[in-house]
Every structure is written in structure tokens, then in C-alpha cells.
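Using the numbering used here, the final residue of the sequence shown is 330, and nothing's skipped along the way. Glycine residues also receive a C-beta, built at the ideal position from the N, C-alpha and C atoms. I have placed the structure first, in the form of C-alpha cells, so that the comments after it can refer back to it.
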Amino acid sequence: MECMRYREALSARMDGEDEPVAPALVDAHLAQCAACRQWQERAVAATRMVRLWPLHHAPLPAERLLAGFSPATEAPIADGAAPAVSGAASAASRAAGGRVGRAWPGRGRLSRARLVLGLRVLLGGFGLAQFVLGIAQAANAATAHVHPAGHVFHESAAWNVAIGAGFAWIATRRATPAGALPMLTAFVALLALLSANDLLAGAVETARLVSHGFVLAGYAIVVALSRPALDPGGPPADRRRPPRRWGRPPGLDLDPAADPPPPAPLRLIQGHARAKRAA
């Protein structure tokens, strides 16, 4: 245990750190202990060997690393020898380097932005068609409103106009339309069931069923735009606007730096003033 303390001090001395034992005591112990002197010699030799150990394995160059993208088979690298890269592997590495050099993620974002733009243009077209269909249905029902069922046509026309306006609104917005999915899903599901029932019963015209295609196509686009993979994210930094905040009118806010108003002067009641003078 006594030698362990001094060996820790010797290790700290070799590392250039503060010794936990006084240097004079360490030197005196070394002069008396042959085991610690032998331990110090081996420690110094091991430290020197580690610090001066030659580097046999050189770092791989960039071409060698990029060649890993290709299935080319290459010879193993000997110790101390430069890695040999074959012509096919070199060409593959250059091709891979070209692919890596080009901003592939940026190109992926560009293609995704084009896809989102195309879907929004289609959704705007379907919304316009649905809007025009609803207006035409409302005008037709207004001229042929001769029985109570005509009001049902008015309600259907109003709903078609609302669906068309909703599609157009979603097409012009940057945010994902996930909030509109519950309502549209319920409407499309019930519309599909009722249309299938009417088709089997022969109570609906083919042209009427074809008009529902705008709703189905628009709903499919809304579902696609709601996927996280097609989320365009926030606008560019140069197009961002500061958020709008509701604030109080300036007259309602008191300036804390302004001086407080002087206190009102004291007024003595006439009777109290006489009593004070009499006292």
C-alpha cells in the first residue's frame, strides 16, 4: 500500500500533473525501494513506446470511401501500403461522388414541391367545377321549385357550393388540410353508400353520378395533401410576416416611466378649521 501511493505520484509526474505526495518524499522512497524504481523504468518505457508508435494504417482517401457506394470488388490494403483503386472502382467512386456532390435532398424537395403544387392546382380546378355545379343546381331548383322537395335541392346546391369553396380555399393555403378530413370523410362515405343504393334501385341518373366525381377526386387530393411527407413546412425566411397580435389602445396603457401625478391638496372643512385654530 505504501508503494502504491508513491507510484501514483510518479504517474502524475510523468503526465505533468500535480503529485499527491511531496516530490522530496517520492525521490527518497525511490532511493530506498528497488521495486518502485523498476516500475518507474517500465512505465517510462511504455509511455515513450505509445507516444512514438508508428502509424501503419493510413486514413482512407475520399475516393476509397466513395467507392463503397458501388458493388465493385477491390483488393485488401496491406499495412503501410497505399490503397490501390481499380479503374472501375475509381469511375464508380467519381460517379458516386458526383451524385453526392449534387444536392440530392434539395432535388427531392424540389420534386416534392412540384407534386404539391400540381395537386393544389387540380384541387382548385375541382373546387371551381363543384362551385359552378352548385350554382347551376341552385338556379335550376329556383325555376322548378313547385313542390316541397325543391328546398332539398336548395340545400344540396348550398352544400355543393360550400364543398367547392372549401376545395378552393385548401388549394390556396400552405398549411396541411388535416382539419377538414373528418367532415369530408363522413360526407364522402355517406354519399358513396347512398349513390350505390340509388344506382341499384335505378333512382339516379348517370350524369348525376358523374358529377360526384369532382367530390371524390377532390377528397382524394385532400387526403394526399394531409400526409406528413407532403407537408411543405413554413414559408421561406424572406416571405415570413410578423404574427398579428391583439393589443390594447395606447391610451389605456400607462407609461411606467412617466412621473406619477401629484397628490391632490388637502382641504379642511370649515368647522374643523375653527376647532383647530381654537385649540
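Inter-residue spacing [alpha-carbon to alpha-carbon] between residue i and residue j
{"i": "Q91", "j": "P71", "result": "16 Å"}
{"i": "W210", "j": "A189", "result": "10 Å"}
{"i": "L168", "j": "V203", "result": "36 Å"}
{"i": "A229", "j": "T257", "result": "32 Å"}
{"i": "A213", "j": "L161", "result": "32 Å"}
{"i": "R64", "j": "Q83", "result": "19 Å"}
{"i": "P74", "j": "L81", "result": "11 Å"}
{"i": "R163", "j": "R225", "result": "14 Å"}
{"i": "S277", "j": "H263", "result": "21 Å"}
{"i": "R165", "j": "A280", "result": "13 Å"}
{"i": "M100", "j": "D69", "result": "23 Å"}
{"i": "A254", "j": "W220", "result": "33 Å"}
{"i": "E206", "j": "A252", "result": "23 Å"}
{"i": "D130", "j": "A85", "result": "For D130, the predicted structure reports a pLDDT of 48, less than 50, and the residue's modelled location is therefore unreliable. A value from the coordinates is still provided. Roughly 41 Å between the two C-alpha positions."}
{"i": "W155", "j": "L103", "result": "Any answer about W155 is weak, because its pLDDT of 43 lies below 50 and its placement is not dependable; what the coordinates show is given next. Distance between the alpha carbons of W155 and L103: 44 Å."}
{"i": "I272", "j": "P233", "result": "14 Å"}
{"i": "A208", "j": "N248", "result": "21 Å"}
Beta-carbon proximity check, residue i vs residue j, cutoff 8 Å
{"i": "G215", "j": "G185", "result": "yes"}
{"i": "L242", "j": "V274", "result": "no"}
{"i": "Q181", "j": "F218", "result": "yes"}
{"i": "T236", "j": "D282", "result": "no"}
{"i": "R58", "j": "C87", "result": "yes"}
{"i": "A97", "j": "S62", "result": "no"}
Spatial neighbours of residue i in its chain, beta-carbon cut-off 8 Å, leaving aside the 5 residues before and after
{"i": "A222", "result": "R171, V172, L174, G175 and G178"}
7 Å CB neighbourhood of residue i in its chain, flanking five on each side removed
{"i": "L260", "result": "S246 and L250"}
Beta-carbon proximity list for residue i, same chain, < 6 Å, skipping 5 on both sides
{"i": "V77", "result": "Y57 and A60"}
With a floor of 4 residues, list each alpha helix (DSSP H) that falls wholly inside the stretch 228-295, ordered by position along the chain. 232-252, 257-262 and 264-276
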